[in-house]
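The structure under discussion appears below in the form of C-alpha cells.
Chains as they are written, first to last, in my numbering: chain A, 2 to 215; chain B, 388 to 941.
Shown next as C-alpha cells:
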C-alpha cells in the first residue's frame, strides 16, 4: 500500500501518518486516563469525591497545544494539496470523459481508449468532462481524486512512478451502475507506450466510440 | 403505565403527568396534549420506531455486502436502501432524537418552568415531524420507488432519477419546519422562562447545549428548506437553477446543501454533548470540571460550525483560497470539541465513580466520539482528504461521530432519565450486558470501514473489488453483535415500563439539577410552586454520600 505509484503518494501518506500518530497519542491518553480514573476513584474504594471546579492554566494548555498541533497538520495538508494543483508545462494532456457508467480517454493525437495508458515518469494532466451527472475520477494508488462535474472543466495531474496496472474508480455516486464504473490506468515504459500509441493511431481507436465532444 | 398510577396513588403523591390527562380523554389526551412531557413521550415513540426501521435497513445493507456481487437485493434496491437508511437516520432519528425527547421533557423542568414557551407550537412540531417521517416511509411503497440519490440529493442526478424525489424532498422540507419550531421554542423558553435565580451560568449544561443547538436550527435549517424546494421546482418546472443542461449550476446546490447539512452535524452532536455533561458529574458524584469552558465551547461550535461547510467539497474543484480557508477553519472547529473531551475526562479525577449503565454509555461516548472527531481531523488535511473523501473512511467517520456520539448519548439518556419519566427501573444487569454487546459490536462493525477507506474502497457501492471482502465480512458480523445488543437493550427498557421496580424517590442517581427535585414521575406543570434557584447545577456537598441505596432489581 505504501509503494510509490505516483509523485503524490509520499506526501499524502506522510501527512496521514503524522496526523494519525498525533490522534492515536491523544486517544490513548484520554482512554488511559478514563480507565485509570474509573478504577482508582471507584465508588467502592473512594467514597469521598473532591469538588474541583476547574483550572484556567489547564484550560489554556489543552486549548493552545491542540491548536498548535492542528495548525501544523493544516500546513502539511495545504502544502501537499498545492502541489496537486499545477501540472508541469511538459505534461501530456489527456481528455477524460465520464458518462453513466464508463470512462473514455482521448489522447492529443485523437486516439481514444477506454483504458488509460500512460508512460512511466511522464507527467499527465487529465481534463475532466462529464456527459451527464457528477462523477469523480479516483485513482487510489496515485492518491488523487477530482470530481467530474458537468460544465466545470476540472483538471488533475499525476506523474506515474511505477510500472503496472492500477484501478480507476468513480467516487461520487452516479446512479444504478455507479459501483461498476471502473477502468484502469496502465503505466508502461516510454517505448512500449509509443508502440501502443502508434498501433492505435493506425486503427485510430481501439474502441467503438462515437465522438464524445462536449 | 396504568400500573404505575395505582402504585403512585398509594404513596400519597400527586397524580403524575401520566395520569393527569388534562381536558381530553383516552388517546386524545396524548394526541392533543400540549404538556411538554406528553409531547416528549410522543417524540420518543416516533424516534424509536423510525430508528428500528433505520437499523433494519442498515442490517440489510450489511447482509448484501457480504459478497462483492449482488446477493439478496438488486442494485436499484441497494441504492434505495442506503438512501433511505441515511435519510431516516439523519432527518428523522438523530436530529430530533435528543431535543425532541429529552429536551422537551427536561429543559422546562431543569430551568424551573411549567412548560415550553409555546406549547401548541410544540405539538405542531411533533405533527410536522410525524407527517414528514411517514411520508419518507410511504415513499418506499409508492410507485416509482424510494429516492435513490443518497441522503445528499446531489444534482444533477436528483433531477434525472425516476424515483419519488418530489415526495421525499417535500418530506424533508416539512421535517425542517418541525426542527425550526423546536429550536425557536427552546430559545424562547430559555430566554424568558427561567425560574427566579436561574441565571445563565446556573443553567445545567444540557440547557446550554440546547440553547446553542436552537440557534443553529433556527438559522441553518431554512437554508436546506429553500434548497430542497428549489430542487422540487427544478424537477417539476425545469427552471435551470441547478441543472447544467439548462444552464444551471450543480455546484450551487452543493454549497447550499452543506451550508445547512454541516451545521446539522452540530444540531445532532451538541445536545448529545449536553447529555454527557449531565451524566458524568452525577456518576462521578462531584462538580463538573470547567463549567464555563464547556458552556462557551457549545457556542463556539455553533459559530465556527456554520463556517466550514465547504470541507465536504474539497475534491469538487474549489479555488485555492476557498480550500485554504475552509481547511483552516475545519481544524479550528475541532478545538472546542477537544476542550469538552478534556473537561469531561478531568471531571472523573478525584470523583467517586459509579459505573451504572448511563455512565458506561457516557464513557463509551467519549471514546467513540473521540475516534469520530480525530478521524475528522485526518480529513481536514487537504491532500489527505482528496484521497479519503467519498470512501468508506468518511462513512466510518460519520458513524463514529453520529452513532458513536449521538447514538450512545441517546442510549445514555434513556438509561439515565427513563426511570424518572416512568417511575420504574430497568434491570441493571441486563442493561450492562446490552451495553457490552453494543460497544463491541459497534467497533467490529465500523472500524473496518476506516481501514477499507484508507485502502481506497469507494462509498455507496453495491459491487466492490474482491480484495475488500474480508473487511466487509468482519463489518457484517459486527452488525449482528450490535443488533443483538440493541434488541437486548430495548427489550429491557420496554419491559421495565411495565414490570420494572417502582421508584418512589425523587432523586434516583444523586443528581443536583432540578429534575431530581421534582416528583417521580413529574406532575403536570412540573412544580407545585416555582422554585427559587440559589445553587449552581453541579454543586455537590463535601463528602458526598449516596442519596439513597440503589438495589439491583431482580
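By construction, the Cβ of each residue, glycine as well, lies at the ideal position given by its N, Cα and C atoms.
For the beta strand (DSSP E) that contains residue 126/A, what are its first and last residues?
Counting from one through the first chain, the residue named residue 126/A turns up at place 125. Start and end: 125 to 131.
Do we get a CB-CB distance below 7 Å when we pair residue 748/B with the residues of chain A?
The residue you call residue 748/B lines up with position 361 of the second chain. The beta carbon of residue 748/B sits no closer than 7 Å to any beta carbon of chain A.
Residue 91/A: buried (16+ other C-beta within 10 angstroms of its C-beta) or exposed?
Numbered from its first residue, the first chain carries residue 91/A at position 90. Exposed is the call here.
Who are the Cβ neighbours of residue 554/B in its own chain at under 7 Å, not counting the five residues just before and after it?
As a working note, residue 554/B is residue 167 in the second chain. Same-chain partners within the cutoff: 522, 526 and 529.
With H, G and I counted as helix, E and B as strand and the rest as coil, what does DSSP make of residue 725/B?
Position 338 of the second chain, counted from the first residue, corresponds to residue 725/B. In this structure, residue 725/B counts as helix in the three-state DSSP scheme.
Given residue 815/B as reference, the closest of 744/B, 615/B and 839/B once Cα atoms are compared:
Taking the first residue of the second chain as position 1, residue 815/B is located at position 428. When C-alpha distances from residue 815/B are compared across 744/B, 615/B and 839/B, the shortest belongs to 744/B.
How would you list, in chain order, the residues of chain A whose beta-carbon sits under 9 Å from the beta-carbon of residue 463/B?
Reading the second chain from its first residue, position 76 is the one you call residue 463/B. Ordered by position in chain A, the residues that pass the 9 Å Cβ test against residue 463/B are 177.
Cβ separation of residue 492/B and residue 424/B, assumed to be a contact under 8 Å, to the nearest whole Å
Residue mapping note: residue 492/B aligns to position 105 of the second chain, counting from 1. Residue mapping note: residue 424/B aligns to position 37 of the second chain, counting from 1. Their Cβ separation, rounded to whole angstroms, is 5 Å, which keeps residue 492/B and residue 424/B in contact under 8 Å.
Buried versus exposed, by CB contacts within 10 Å (16 or more), residue 854/B
Within the second chain, the letter at position 467 stands for residue 854/B. Label assigned to residue 854/B: exposed.
What's the C-alpha gap between residue 684/B and residue 651/B?
As a working note, residue 684/B is residue 297 in the second chain. As a working note, residue 651/B is residue 264 in the second chain. Each residue's alpha carbon lies about 17 Å from the other.
Nearest residue (CA-CA) to residue 463/B, options 187/A, 152/A, 178/A and 190/A:
Locating residue 463/B in the second chain gives position 76, counting from the first residue. For the residues 187/A, 152/A, 178/A and 190/A, the minimum Cα distance to residue 463/B belongs to 178/A.
Start and end of the alpha helix (DSSP H) containing residue 433/B?
Counted from its first residue, the second chain places residue 433/B at position 46. Its alpha helix (DSSP H) spans residues 423 to 451.
Residue 24/A lies in the alpha helix (DSSP H); which residues open and close that run?
One-based indexing of the first chain puts residue 24/A at position 23. Start and end: 10 to 41.
Within chain A, the residues that residue 737/B reaches when beta carbons sit closer than 7 Å
Counted from its first residue, the second chain places residue 737/B at position 350. Correct list: 42, 50, 51 and 53.
Is the beta carbon of residue 705/B sitting closer than 7 Å to the one on residue 35/A?
Residue 705/B sits at position 318 when you count from the first residue of the second chain. Residue 35/A sits at position 34 when you count from the first residue of the first chain. No, the Cβ-Cβ distance between residue 705/B and residue 35/A is not below 7 Å.
Starting from the Cα of residue 912/B, find the closest Cα among 542/B, 708/B and 497/B and give me that residue.
In the second chain, counting from the first residue as 1, residue 912/B sits at position 525. Residue 497/B is the option with its Cα nearest to residue 912/B.
So, helix, strand or coil for residue 181/A, using DSSP?
Locating residue 181/A in the first chain gives position 180, where the first residue counts as 1. The DSSP-derived three-state label of residue 181/A is helix.
Hey, is residue 32/A's beta-carbon within less than 7 Å of any beta-carbon in chain B?
By one-based count along the first chain, residue 32/A stands at place 31. Residue-level contact check: residue 32/A touches chain B, since one or more beta carbons of chain B fall below 7 Å from its beta carbon.
CA-CA distance, residue 8/A and residue 98/A?
Reading the first chain from its first residue, position 7 is the one you call residue 8/A. Reading the first chain from its first residue, position 97 is the one you call residue 98/A. Taking the straight line joining both Cα atoms gives about 24 Å.
Buried or exposed for residue 587/B, please, with buried defined as at least 16 other CB atoms from any protein chain shown within 10 angstroms of its CB.
Position 200 of the second chain holds residue 587/B. With fewer than 16 other Cβ atoms within 10 Å, it is exposed.
Give me the subset of the segment 626 to 657 of chain B whose CB atoms are less than 8 Å from a CB atom of chain A, sorted by chain position.
Cβ proximity to chain A below 8 Å picks out 631, 632, 636, 637 and 638 from the segment 626 to 657 of chain B.
Between residue 449/B and chain A, is the shortest Cβ-Cβ distance under 7 Å, so that the two count as touching?
Taking the second chain and counting its residues from 1, one reaches residue 449/B at position 62. No - not a single Cβ of chain A is within 7 Å of the one on residue 449/B.
How many angstroms separate the CA atom of residue 1005/B from the CA atom of residue 520/B?
No answer is possible for residue 1005/B: the residues shown for chain B start at 388 and end at 941.
If you follow the alpha helix (DSSP H) that residue 575/B is in, where does it begin and where does it stop?
If you number the second chain from 1, residue 575/B lands on position 188. Annotation: the continuous alpha helix (DSSP H) that includes residue 575/B extends over 552 to 579.
Should residue 787/B go down as buried or exposed, given a rule of 16 or more other Cβ atoms within 10 Å for buried?
The residue labelled residue 787/B in the question sits at position 400 within the second chain. Residue 787/B is buried by the Cβ-count criterion.
What residues of chain B sit near residue 146/A, judged by a beta carbon separation below 8 Å?
Counting from 1 along the first chain, the entry for residue 146/A is found at position 145. Result: 702, 773, 774, 776 and 777.
Cβ neighbour criterion (16 or more within 10 Å) applied to residue 784/B:
Mapped onto the second chain, residue 784/B falls at position 397. In the assembly as shown, residue 784/B is a buried residue. Its beta-carbon has 16 or more other beta-carbons within 10 Å.
Quick check: is the beta carbon of residue 165/A nearer than 7 Å to any beta carbon in chain B?
The sequence position of residue 165/A within the first chain is 164, counting from 1. Residue 165/A does not count as touching chain B.
Measuring only the C-alpha atoms, how far is residue 839/B from residue 780/B?
Translated into positions along the second chain, residue 839/B becomes position 452. Translated into positions along the second chain, residue 780/B becomes position 393. Rounded to the nearest whole angstrom, the CA to CA distance from residue 839/B to residue 780/B is 7 Å.
Coarse secondary structure for residue 2/A, derived from DSSP in three states:
For the purposes of this step, residue 2/A is identified with residue 1 of the first chain, where counting begins at 1. Confidence at residue 2/A is low in this model, with a pLDDT of 45, below 50, so the placement of that residue should be treated as unreliable; the coordinate-derived value is given next. Residue 2/A falls in the coil class under three-state DSSP.
Would you decide whether residue 693/B is buried or exposed? Buried here means 16 or more other CB atoms lie within 10 Å of its CB.
Locating residue 693/B in the second chain gives position 306, where the first residue counts as 1. Residue 693/B is buried by the Cβ-count criterion.
State yes or no: is the beta carbon of residue 135/A nearer than 7 Å to at least one beta carbon in chain B?
Taking the first residue of the first chain as position 1, residue 135/A is located at position 134. Cβ-Cβ to chain B under 7 Å: yes for residue 135/A.
Would you mind giving the Cβ-Cβ distance between residue 630/B and residue 546/B, rounded to the nearest angstrom? I have them listed as a contact below 8 Å.
Locating residue 630/B in the second chain gives position 243, where the first residue counts as 1. Locating residue 546/B in the second chain gives position 159, where the first residue counts as 1. Contact flag correct, Cβ pair sits at about 5 Å.
Backbone CA spacing between residue 662/B and residue 677/B [nearest angstrom]:
Within the second chain, residue 662/B is the residue found at index 275, counting from 1. Within the second chain, residue 677/B is the residue found at index 290, counting from 1. Distance between the alpha carbons of residue 662/B and residue 677/B: 16 Å.
Tell me, please, whether the CB atom of residue 402/B is closer than 7 Å to any CB atom in chain A?
If you number the second chain from 1, residue 402/B lands on position 15. No, no contact with chain A.
Output yes or no for whether 7 Å exceeds the beta carbon distance between residue 504/B and residue 579/B.
As a first step, residue 504/B is located in the second chain; it is residue number 117 there, counting from the start. As a first step, residue 579/B is located in the second chain; it is residue number 192 there, counting from the start. Using a Cβ distance threshold of 7 Å, residue 504/B and residue 579/B count as a contacting pair.
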